[in-house]
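Residue numbers (my numbering): 17 to 182. Where a beta carbon is used, it is the ideal one built from N, C-alpha and C, also for glycine. Small disclaimer: the values here were computed from a predicted structure and weren't measured. Worksheet: one structure, shown below.
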Amino acid sequence: MAQCPIHGARRADTLNAALNESFCAKCAGEIQTAQASVNQHVDPKACFINYASSSAGWVKINGTGCAHWVAHQLGITRGSYRCHKKYTVRVPDLVNGLSEVALSDLQINDIWANANLDHCGLVSKIENTNGTKKITIKHCSSSQGRVAENDFATYFHSGGKFYRNG
17 MAQCPIHGAR RADTLNAALN ESFCAKCAGE IQTAQASVNQ HVDPKACFIN
67 YASSSAGWVK INGTGCAHWV AHQLGITRGS YRCHKKYTVR VPDLVNGLSE
117 VALSDLQIND IWANANLDHC GLVSKIENTN GTKKITIKHC SSSQGRVAEN
167 DFATYFHSGG KFYRNG
């Protein structure tokens, strides 16, 4: 039988299907509790946790669900704060080192981040109607309680910057 990845001396006899890993019974219980405490809007929820310490055990991450969702969509794993599956969970880490993109050069899957770098999303649609560009941002929205799509001009007041990954 495999050993628990956290407590090497303990048998990993409980499979967590969402994490695709087996853990000892202590970890399994803490993981289940931590996963249940993740905010409704965070997607994916199951890996928005980490092992904090022997005294704290498994806890939900102190990060932003929006950065986590974008990181999963684009495969971004940079920065020191990451989910259990190693994806980025903070907006500054997500956009660090990326090139800014002008509105005229925008593409689907470019990253949008607000000026405070505490919210972000992905460009999901770009429509040109009579010379007017309409941009839709898909993001993990705490106020809407889910991954949502909203108009850049009206919902985000045309604020923030765009970045290209890669």
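Exposed unless 16 or more other CB atoms sit within 10 angstroms - verdict on R162: exposed
Start-end ranges of the beta strand (DSSP E) lying completely within the region 36-67, minimum 3 residues: 37-39
Sufficient close CB pairs (3 or more, under 8 Å) joining the region 121-129 to the region 71-79: No, they do not touch.
From G137, R27, A169, residue whose alpha carbon lies closest to that of H84: If we check each option's Cα against that of H84, G137 comes out closest.
Proximity to Q89 [Cα-Cα], best of G79, Y103, V107: Y103
Contact check, V139 vs L110, beta carbons under 9 Å: no
Presumed contact (8 Å Cβ cut-off) between H173 and C82, rounded CB distance: So it is not a contact: roughly 17 Å between Cβ atoms.
Enclosing beta strand (DSSP E) for G95 [first to last residue]: Segment: none, G95 is in no beta strand (DSSP E) and carries neither H nor E.
For V105 and Y97, the rounded distance between their alpha carbons: 6 Å
Cα-Cα separation, D29 to Q56: If I take the Cα positions, the gap works out to 29 Å.
C40 vs C63 beta-carbon contact at 9 Å: no
Closest residue to A33 among R180, D167, Q51, K141 (Cα-Cα distance): Q51
Whole-angstrom distance between A68 and K42, CA atom to CA atom: If you take the alpha carbons of K42 and A68, they lie about 14 Å apart.
C-alpha gap between K150 and G113, whole angstroms: For K150 and G113, the distance between alpha carbons rounds to 27 Å.
Residue closest to N78, alpha-carbon to alpha-carbon, out of S70, S53, T93: S53
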